[in-house]
Amino acid sequence: MSYVEVLPMNILQQIFKKSTFKPGIIVPSLVFIISITLVSSFFPNQTASTLDIVKTWIFVNLNWVYVWSVTIFVIFLLVLTFSKYGGTRLGDDDEKPEHSFFSWISMLFAAGMGIGLMYFGVAEPMSHYTEKAFSGLDQVQRSRNAQLYTFFHWGIHAWAVYGVVGLSLAYFTFRYKLPLSLRSCFYPILKNKINGSAGDAIDTFALCSTFFGITTTLGFGVVQLNAGLVEVGFLKGRLLVSGGHCVHHYADFCNLGYFRSE
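Structure below.
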């Protein structure tokens, strides 16, 4: 048997050996994700209408929660940075950084912004500029408001949200040696209960949220890529091509994640 024939089986064995598959997390997550996908596929108009109603209600009634939450995150991180805890090493006390500061910042920027910035870098300010709420303002003020909203979305406040979640995961993973999952962030509150059903519920929520967040971003990127290829005449805009791009990019991400964990 050749090496080429053995390699796929060896890789599969390594994957299953390293797997942290937990039915209490994967099964309900798959049921929820597949259910939403099927409903959206068979009833696209009704689903879009329902989600639009939910989105509008959240924007109207809970916008203050978002604004105050991210503001508190900014203040919390600033206080933490300049306090006696600001020098706490995210690892063992004698451990050295795995990457240089430049590499670390580059990875943060690529992961935090990524394809979203490429798609919305121009589209978002223009979307705010044409918003009906600003229709009574002159062009200069509308432009300023559009930039203000965009900077709020992509600026310090957005990074503060990333920072709080990332800091929580890193601290409890590298200092307390807990699993790299969202349940570990709740250890001070739940203690060992994070290993039970409460922890499974937290990770299920995190998995579903991450899935829909990534697929949304990936979908925007595929739309932009397809539009560019159609514009230059390489292909026609077809759903099959879009799906192929999604599968291709998702496979790339899976490969990167697997080999990075080696």
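Add 52 to a position in the sequence shown, counting from 1, and you land on the number used in the working numbering. Where a beta carbon is used, it is the ideal one built from N, C-alpha and C, also for glycine. Source: prediction; values computed, not measured.
Closest by C-alpha distance to residue i, when choosing among the options
i	options	result
Phe161	Trp206, Leu221 and Asp104	Trp206
Phe203	His151, Asn278 and Pro177	Pro177
Glu183	Tyr171, Met170 and Gln199	Gln199
Val275	Ser195, Tyr171 and Trp116	Tyr171
Residue i to residue j span [Cα, whole Å]
i	j	result
Ala258	Phe154	29 Å
Gly173	Met165	10 Å
Thr267	Asn197	29 Å
Thr262	Tyr201	24 Å
Gly273	Ser93	20 Å
Met53	Pro231	Because Met53 carries a pLDDT of 41, less than 50, the predicted location of this residue cannot be relied on, and no value is offered for it.
Phe68	Ile110	Bear in mind that a pLDDT of 47 at Phe68, under 50, signals an unreliable position, so the number given afterwards is only what the model happens to contain. Cα to Cα, the separation comes out at about 41 Å.
Asn244	Ser233	14 Å
Gln98	Lys107	14 Å
Ala175	Lys136	42 Å
Pro240	Ile88	33 Å
Thr133	Val284	49 Å
Ser152	Gly271	32 Å
Tyr39	Trp211	Residue 39 is absent from the model: the chain starts at 53 and stops at 314.
Ser195	Leu281	30 Å
Thr45	Trp120	Since the displayed the chain opens at 53 and closes at 314, residue 45 lies outside it and no answer follows.
Leu82	Leu90	12 Å
Asn247	Ala279	46 Å
Asn115	Gly265	19 Å
Asp145	Asp104	49 Å
Tyr228	Ile254	19 Å
Leu130	Ala222	18 Å
Pro96	Ala185	28 Å
Phe224	Arg235	10 Å
Trp156	Ala163	11 Å
Val112	Met159	35 Å
Ala100	Leu277	24 Å
Asp190	Leu242	53 Å
Presumed contact (8 Å Cβ cut-off) between residue i and residue j, rounded CB distance
i	j	result
Ile85	Cys260	6 Å
Gly138	Phe226	Their Cβ separation, rounded to whole angstroms, is 16 Å, which puts Gly138 and Phe226 out of contact at 8 Å.
C-beta atoms of residue i and residue j nearer than 8 Å
i	j	result
Val122	Val213	yes
Ile124	Asp252	no
Phe128	Val216	yes
Pro75	Thr256	no
Gly188	Thr269	no
Glu150	Arg141	no
Ser249	Cys237	no
His180	Val126	no
Residue i Cβ short of 7 Å to the ligand ADP heavy atom set
i	result
Leu142	For the structure depicted, the ligand ADP is absent and the ligand set is empty, with no information on it obtainable.
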